[in-house]
Amino acid sequence: MIEREVVRLADIEADRRIRQRAFELGFDVVGVARADEPLGIEHERYRAFIDAGMHGSMQYLADHVEARRRLDTPFILEGARSVVCLGKVYARSAEAEKNDPPLARLIARYARGQDYHGFVRKKVRKLAAFIRGLGPDVEARPLCDVEPIMERAFAMRAGIGFVGKNGIVIAPGKGSFMLLGEVVTTLELVPDVPMTERCGSCTRCLDACPTQAFAAPFVLDPRKCISYFTIEHSGAPPEDLRDAVGDHFFGCDVCQEVCPYNRTAPPSADRTEGFRPLERWTGTRLSEFASMDEETFSRQTQGTPLSRAGRGGLARNAALVAAKHLERHPGDPDAMELWRTIEAAAAHDDPAAREVGHAALERILETRSAVHQDKLDEHADDSGARAVENVVQATNVSIQGAKFPVNQASTHETDQPVRLRVKRAPA
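The numbering of the sequence shown is my numbering, which starts it at 693 and goes up by one.
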């Protein structure tokens, strides 16, 4: 015990220098936790989450479950004594967001700009290099989202925040729009006081979730989460959730937008430059994502988080957004563009995109007499409404004999093309 105290006293100066360097690199919160103590209840909860199958198709979450219990093993860093937990806030001011392109507003805030795995990881690596330079025998390993560690549990232990009822780390005074990174080191640094949960009786995040994806406070079921369906999952969302998913092209921020802890002044613009929407989103239309080839997809999404969803995933998402908007605003001047998006998805080579496209066409055409006709009558002189009517008439005729390949997971016969049976609206 005396030996450990002597080591800690000797490393107080190193601890101070590490924290100072982390802030210089642009991190907004820094804390230290012990790396050589295994996780207890946090790991048991994670195992229960996996055993219940709540990870859905995210198999990588089920890999190396036991290795996630601790950091001081060869799997992460043998001989590790401390983990430096880091947070980078990406919230931007409401005034700045007003100028975001329409497409960017359908994208989760962390993904509107550059891929953070690039520039945030560079900062984490620089801090790891700085730590290794503090002594000839010092080891340090940078971690940023990829490695299988329970970073939220260590963030709480390091005192940089607490896990809210929405499952996201919240740093009081900074909010939850924050990305995490870690440096695991053999240095024995001074651990911070763990932060306990501070949500109290608030349930705003749970109540606001568009798909009611929370099984209980602190328990998110990704299989109902919009971010899961628009980013991680390769299939089509269940039909009863598609309407809610249709307000989001990539990811979802609703459970963070309503959190009282996010009523805080965001960092200065220069500290969030990497998260500013890319210029390419200004002139990009949804229909392009539904019809682009692999080369165009790679060029358009290079260096952005959107590449993770894949070409088929973005085509599927575009169809969901277009269908939701077209049903809600049938007289929109961009109605033709929305129809092209859905039709392109219905002809896509990705099964999920095709399934969503087919279902959207069928649904809109079948409900036209009940919903669209009222809007057309109301806006008889509106060019957008007339455009919808022209497309609907053309689609009503052409779709009667159209044959489309279908998703293997659909309820239709999978070996035969399916003929969409759409009721023609009464004259």
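All C-beta atoms in this analysis are idealised placements derived from N, C-alpha and C, irrespective of residue type, glycine included.
Computed from a predicted model, the values in this text were never measured in an experiment.
Buried or exposed for residue i, going by 16 or more other Cβ atoms inside 10 Å?
{"i": "SER979", "result": "buried"}
{"i": "ILE862", "result": "buried"}
{"i": "GLN904", "result": "exposed"}
{"i": "LYS1016", "result": "buried"}
{"i": "THR988", "result": "exposed"}
{"i": "ILE923", "result": "buried"}
{"i": "GLN992", "result": "buried"}
{"i": "PHE906", "result": "buried"}
{"i": "PHE715", "result": "exposed"}
{"i": "GLU705", "result": "exposed"}
{"i": "THR974", "result": "exposed"}
{"i": "GLY637", "result": "Only positions 693 to 1119 of the chain appear in the structure, and residue 637 is not among them; the question remains open."}
{"i": "HIS1064", "result": "In this prediction, HIS1064 scores a pLDDT of 49, lower than 50, which makes its location untrustworthy; the coordinate-derived value is nonetheless stated afterwards. So HIS1064 ends up on the buried side."}
{"i": "ASP1041", "result": "exposed"}
{"i": "ASN858", "result": "buried"}
{"i": "VAL855", "result": "buried"}
{"i": "ALA1038", "result": "buried"}
{"i": "GLU1047", "result": "buried"}
{"i": "ALA1043", "result": "Checking the sequence, you will find Pro at residue 1043 rather than Ala. By the neighbour-count rule (16 or more Cβ atoms within 10 Å), PRO1043 is buried."}
{"i": "ARG829", "result": "The identity of residue 829 in the sequence shown is Asp, whereas the question assumes Arg. Exposed: under 16 other Cβ atoms inside 10 Å."}
{"i": "ALA1045", "result": "buried"}
{"i": "GLY873", "result": "buried"}
{"i": "VAL775", "result": "buried"}
{"i": "TYR681", "result": "Outside the shown range of the chain, which is 693 to 1119, sits residue 681, and nothing can be said about it."}
Nearest to residue i by CA position, among the options, is which residue?
{"i": "TRP1031", "options": "LEU769, ASP1041, ALA1044, ALA1051", "result": "ALA1051"}
{"i": "VAL757", "options": "SER774, VAL781, LEU731", "result": "LEU731"}
{"i": "VAL724", "options": "GLU889, ALA1036, PRO883, PRO1025", "result": "PRO883"}
{"i": "ASP939", "options": "SER749, HIS1021, GLY771", "result": "HIS1021"}
{"i": "LYS866", "options": "PRO959, LYS818, PHE942", "result": "PRO959"}
{"i": "ARG727", "options": "GLY1023, SER749, GLN712, ASP764", "result": "Reading the sequence as shown, one finds Ala at residue 727 and not Arg. The option with the nearest alpha carbon to ALA727 is ASP764."}
{"i": "PRO909", "options": "SER926, GLU889, LEU872", "result": "GLU889"}
{"i": "HIS809", "options": "PRO1043, THR996, ASP1041", "result": "THR996"}
{"i": "PHE967", "options": "TYR782, ASP720, SER893", "result": "TYR782"}
{"i": "ARG963", "options": "ALA821, HIS735, SER785, ILE823", "result": "SER785"}
{"i": "VAL1013", "options": "LEU795, GLN712, ARG713", "result": "LEU795"}
{"i": "GLY825", "options": "ARG709, ALA1036, VAL775, ARG739", "result": "ARG709"}
{"i": "TYR802", "options": "ARG713, ARG955, LEU881, GLU965", "result": "GLU965"}
{"i": "LEU798", "options": "TYR738, SER893, VAL937", "result": "VAL937"}
{"i": "PRO864", "options": "ASP792, ARG934, PRO952, VAL885", "result": "PRO952"}
{"i": "ARG955", "options": "SER868, GLN994, GLU1054", "result": "SER868"}
{"i": "PHE822", "options": "ALA957, ASP707, ASN791, ALA740", "result": "ASP707"}
{"i": "GLU1019", "options": "LEU1057, PRO828, ARG711, ALA740", "result": "LEU1057"}
{"i": "PRO766", "options": "ARG737, PRO840, ASN791", "result": "PRO840"}
{"i": "VAL911", "options": "PRO1025, LEU1053, ALA744", "result": "ALA744"}
{"i": "LYS818", "options": "ARG711, MET750, ILE733", "result": "ARG711"}
Does the beta-carbon distance from residue i to residue j come in below 8 Å?
{"i": "ILE742", "j": "ALA759", "result": "no"}
{"i": "ARG813", "j": "CYS836", "result": "yes"}
{"i": "LYS780", "j": "MET887", "result": "no"}
{"i": "VAL816", "j": "VAL875", "result": "yes"}
{"i": "ASP913", "j": "MET746", "result": "yes"}
{"i": "PHE941", "j": "PRO929", "result": "no"}
{"i": "ALA845", "j": "GLY853", "result": "no"}
{"i": "VAL946", "j": "ALA900", "result": "yes"}
{"i": "GLU831", "j": "LEU769", "result": "yes"}
{"i": "ARG773", "j": "THR878", "result": "yes"}
{"i": "CYS651", "j": "ALA800", "result": "There is simply no residue 651 to check, as the chain begins at 693 and stops at 1119 in what is shown."}
{"i": "GLU986", "j": "ARG1008", "result": "no"}
{"i": "ILE860", "j": "GLN806", "result": "no"}
{"i": "SER919", "j": "GLY1005", "result": "no"}
{"i": "PRO834", "j": "ALA820", "result": "yes"}
{"i": "ALA982", "j": "ALA1027", "result": "no"}
{"i": "VAL722", "j": "LEU778", "result": "yes"}
{"i": "LEU881", "j": "ASP703", "result": "yes"}
{"i": "ARG915", "j": "GLY748", "result": "yes"}
{"i": "ALA957", "j": "ALA788", "result": "no"}
{"i": "GLU1029", "j": "ARG972", "result": "no"}
{"i": "GLY1023", "j": "ILE1034", "result": "no"}
{"i": "ARG761", "j": "HIS735", "result": "yes"}
Please confirm if residue i has its CB atom under 8 Å from at least one CB of chain D.
{"i": "LYS866", "result": "No chain D is present in this structure, which holds just one protein chain."}
**Message:** Please give me, in chain order, every unbroken run of the beta strand (DSSP E) with length at least 3 that falls completely inside the stretch 737-803.
**Reply:** Residue ranges of uninterrupted beta strand (DSSP E) with 3 or more members, entirely inside the stretch 737-803 and ordered along the chain, are 774-781.
**Request:** Could you name each continuous alpha helix (DSSP H) segment of 4 residues or more that falls completely within the stretch 828-911, going from the start of the chain to the end?
**Result:** The alpha helix (DSSP H) runs lying completely inside the stretch 828-911 and spanning 4 residues or more are 843-849, 896-900, given in chain order.
**Request:** Note down, one range per segment and in chain order, each alpha helix (DSSP H) of at least 4 residues found wholly within the stretch 939-986.
**Result:** 946-949, 978-983
**Length at least 3, wholly inside the stretch 994-1020: the beta strand (DSSP E) runs in chain order** = Within the stretch 994-1020, no beta strand (DSSP E) run of at least 3 residues lies entirely inside it.
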